[in-house]
Amino acid sequence: MDWGTDLWDQYDIIDKHTQSGLELVEKYVKFVKERTEIEQNYAKQLRNLTKKYNPKRGCKEEQECRFSNHQSFLDILNEMNDYAGQRELIAENMMMNICIELTKYLQELKMERKTHLSEAKKAQQSLESTYKQLDSSKKRFEREWREADKAVQYAEKTDQDINATKADVEKAKQQANMRTHIAEECKNDYAAQLQKYNKEQSQFYFSDMPLIFNKLQDMDERRVRKLAQGYVLFSDTERHVMPIIGKCLEGVTKAGTNVNERNDSIALIEQYKSGFERPGDLDFEDYSQGINRASSDSSLGTLGTPKGPLELLGKNRSKPFWLFSKKSKPTVTEDFGHLPPEQRRKRLQQKLDDIGKELQKEVDQSAALEKMKDVYEKNPQMGDPASLSPQINQTAQNVERLRGEFNKYESWLTEAGRRGDSMLRRDTLREDALSYRSHSFNNNGSTHEPYSPDGTHSEEGTPDPSQAIYAEFDDDFEEEEEELVAPIGQCTAMYNFPGASEGTITMQEGEVLSVVEEDKGDGWTRVRRANGNEGYIPTSYVSISLSK
1 MDWGTDLWDQ
11 YDIIDKHTQS
21 GLELVEKYVK
31 FVKERTEIEQ
41 NYAKQLRNLT
51 KKYNPKRGCK
61 EEQECRFSNH
71 QSFLDILNEM
81 NDYAGQRELI
91 AENMMMNICI
101 ELTKYLQELK
111 MERKTHLSEA
121 KKAQQSLEST
131 YKQLDSSKKR
141 FEREWREADK
151 AVQYAEKTDQ
161 DINATKADVE
171 KAKQQANMRT
181 HIAEECKNDY
191 AAQLQKYNKE
201 QSQFYFSDMP
211 LIFNKLQDMD
221 ERRVRKLAQG
231 YVLFSDTERH
241 VMPIIGKCLE
251 GVTKAGTNVN
261 ERNDSIALIE
271 QYKSGFERPG
281 DLDFEDYSQG
291 INRASSDSSL
301 GTLGTPKGPL
311 ELLGKNRSKP
321 FWLFSKKSKP
331 TVTEDFGHLP
341 PEQRRKRLQQ
351 KLDDIGKELQ
361 KEVDQSAALE
371 KMKDVYEKNP
381 QMGDPASLSP
391 QINQTAQNVE
401 RLRGEFNKYE
411 SWLTEAGRRG
421 DSMLRRDTLR
431 EDALSYRSHS
441 FNNNGSTHEP
451 YSPDGTHSEE
461 GTPDPSQAIY
471 AEFDDDFEEE
481 EEELVAPIGQ
491 CTAMYNFPGA
501 SEGTITMQEG
511 EVLSVVEEDK
521 GDGWTRVRRA
531 NGNEGYIPTS
541 YVSISLSK
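Heads up: the sequence shown runs through residues 1 to 548, numbered per the UniProt record's numbering.
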């Protein structure tokens with residue numbers, strides 16, 4: 001069944017139906033647009049909500065994030081922020097895949113419909129024009145035939161009239177013949193126009209209009225199919241982000257299950273435990289015996305700690321320690337002396353650990369620079385050793401500065417009554433720093449005298465601790481020089497590397513190079529090309545396969 005056959009006479013119905021279909025597409029596009037606006041506003045409100053309740057940097061709430069219930073609330077805010085992002089994604093995908101696509105397709109349908117209706121109108125006008133020609137020919141044939149019939153009757157009447165002359169009779173007959181001939185021509189023309197009209201009418205109703213109606217039917221069916229796809233996308237767009245939304249909700253659930261009330265209590269103790277003893281009983285002051293006022297030896301002010309709660313709260317030791325009294329804010333000092341003993345030890349230990357990490361990093365970097373300098377000295381074609389001097393000097397200064405800070409903070413930690421593991425770490429780092437200092441300064445021609453491990457000048461007969469490290473470094477380097485002959489493996493370049501710095505070598509993605517020296521912790525690997533060229537490349541730029 002098709003429109004051209006079954007709806008051949010329903011032009012107006014087809015016109016209204018196709019127009020109604022286009023209006024439905026427009027209505028659906030508007031509906032989806034309003035839905036995207038709702039999603040965007042919802043996402044915006046969610047983001048503003050999470051921003052409102054997120055703690056600002058440095059505020060009290062941020063410091064309380066070490067507690068699981070506070071951290072879980074922050075996790076919920078982060079998950080809701082991600083959830084808002086998914087709502088924005090829904091709005092964006094609906095706008096792109098439904099609104100924009102259907103709007104573009106709707107314009108194409110309007111142009112196509114306009115074209116088909118224009119073709120139908122032209123066919124209708126052509127048929128009407130042919131009909132007008134037929135009607136004109138028919139009327140002319142009718143008029144000329146009447147005139148011919150009158151002329152024939154007049155000729156017969158004249159021929160029977162006894163008073164008419166012969167000339168009048170001949171004239172009447174000629175007039176009748178002429179009219180009859182004209183009538184015959186009009187008859188033939190009318191017959192030709194009738195045949196032409198019938199042919200065009202048949203083509204109009206059986207060919208032209210059915211073809212146009214079928215094209216309109218195909219256009220409307222394509223519109224319905226496209227609209228149905230838009231309906232499906234309306235749900236699929238949200239269904240595609242459901243797994244991520246589900247993960248966001250799972251994150252909220254996980255945040256709730258991660259809350260541990262016992263750990264929060266322990267964290268509060270660790271954070272605020274002062275280390276002070278509870279105040280003892282006050283002594284009886286017998287004024288009747290003339291005893292001077294004195295505070296109890298067992299009170300908190302005579303515990304022998306560097307600073308007790310009474311010092312933190314005020315200078316008046318005669319007053320008892322009130323648990324709910326309002327405390328004044330102490331002045332922050334570099335040695336954390338404003339903190340209670342327990343907190344002070346923790347902060348000093350944390351500071352020592354941080355400085356120790358920085359010091360170890362600088363010592364490792366200095367060793368790598370010295371190693372590269374020796375390589376340059378023995379292989380001048382790889383780089384200029386003098387170019388590394390600024391970095392070596394800067395590293396030496398950093399080591400000296402960090403060593404001074406380390407000693408300073410450890411003396412405070414010793415004063416606070418906690419040596420323990422930090423002393424062992426201090427001895428190790430101090431030896432590394434002193435060894436590096438002696439080694440680097442001697443190589444630079446400095447006139448500094450060698451130092452002993454305790455930081456004092458050593459006697460002439462005292463061996464320099466740097467000599468052992470330097471000798472060990474030379475031994476390692478000699479072993480590495482021997483390995484230059486035989487590669488220890490291969491590597492494949494994962495990225496391009498320009499090799500612009502001295503001592504480096506260029507490489508292209510996919511290039512295979514021989515590994516002659518492993519990464520020693522400085523992030524560089526020494527490689528060799530097939531033509532014998534050697535240099536350093538970033539270890540993270542290659543995939544290394546070492547020979548077993």
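Yeah, the Cβ is synthetic: ideal placement off N, Cα and C, and Gly gets one too.
For clarity, every value in this text was computed on a predicted model and none was experimentally measured.
A direct Cα-to-Cα measurement between Val169 and Phe141 gives close to 26 Å.
Straight-line measurement puts the Cα of Lys378 at about 24 Å from the Cα of Gln490. For Ala183, there is no enclosing beta strand (DSSP E); the enclosing alpha helix (DSSP H) covers residues 166-203.
The C-alpha of Gln217 lies about 19 Å from the C-alpha of Lys122. The alpha-carbon separation between Gln124 and Ala167 amounts to approximately 54 Å. Counted as a single uninterrupted DSSP element, the alpha helix (DSSP H) harbouring Trp412 occupies residues 389-415.
In this chain, the alpha helix (DSSP H) harbouring Ser366 covers 341-378. Ile38 has its alpha-carbon roughly 59 Å from the corresponding atom of Val399. Only residues of its own chain outside the window of five on either side were considered, and among them none has a CB closer than 8 Å to the CB of Lys16.
Of the residues His338, Ala367, Ala43, Gly21, the one whose Cα lies closest to the Cα of Leu109 is Gly21. Note that the segment 83-96 touches the segment 27-45; at least 3 beta-carbon pairs, one per stretch, sit closer than 8 Å.
DSSP, reduced to helix, strand and coil, places Val332 outside both helices and strands of the structure shown, so it counts as coil. In this structure, the straight-line span from the alpha carbon of Gly499 to that of Ala255 is close to 48 Å.
DSSP, reduced to helix, strand and coil, places Leu106 within a helical segment of the structure shown.
Here the alpha carbon of Gly275 sits roughly 28 Å from the alpha carbon of Lys357. Taken through DSSP and simplified to helix, strand or coil, Glu517 comes out as strand. Within the same chain, Cβ atoms closer than 7 Å to the Cβ of Glu112 are found at Met219, the five residues on either side in sequence being excluded. Rounded to the nearest angstrom, the gap between the Cα atoms of Ala192 and His181 is 17 Å.
Here DSSP, grouped into helix, strand and coil, assigns Pro210 to helix. Here Leu194 has Leu134 as same chain residues with Cβ atoms under 7 Å from its own Cβ, once five neighbours each way along the sequence are excluded. Contact between the segment 95-103 and the segment 146-163 is not established, with fewer than three Cβ pairs separated by less than 8 Å. Under DSSP, Gly489 shares a beta bridge with Val515, Leu546. In the same chain as Ile212, and ignoring 5 residues on each side of it, the C-beta atoms closer than 7 Å to its own belong to His116, Glu119, Ala120, in chain order. Here the alpha carbons of Ala183 and Lys171 stand approximately 18 Å from one another. A straight line joining the alpha-carbon of Asn163 with that of Tyr190 spans about 40 Å.
Take the alpha-carbon of Ser129 and the one of Val232: they are about 49 Å apart.
Shown here for Thr50: same chain residues with a beta carbon closer than 8 Å to its own, the five before and five after excluded, namely Leu77, Asn78, Met80, Asn81, Ala84 in chain order. If you draw a 10 Å sphere on the C-beta of Cys65, you find fewer than 16 other C-beta atoms in it, and that means exposed. Contact between Leu106 and Val32 does not hold, since their C-beta atoms are separated by about 13 Å, which reaches or exceeds 8 Å. When secondary structure is reduced to three states using DSSP, Arg528 falls in the strand class. Under the criterion of beta carbons closer than 8 Å, Tyr536 and Gly503 qualify as touching, at roughly 5 Å.
Relative to His240, the option among Arg347, Phe67, Ser137, Leu89 whose CA is nearest is Leu89. About 5 Å separates the beta carbon of Leu102 from that of Val29, a gap short enough to meet the 8 Å contact definition. The segment 339-353 makes no contact with the segment 390-399, as fewer than three CB pairs between them are under 8 Å. Arg529 and Pro487 do not touch by the CB rule: their CB atoms are close to 11 Å apart, not below 8 Å. DSSP, read as helix, strand or coil, puts Gly535 in strand.
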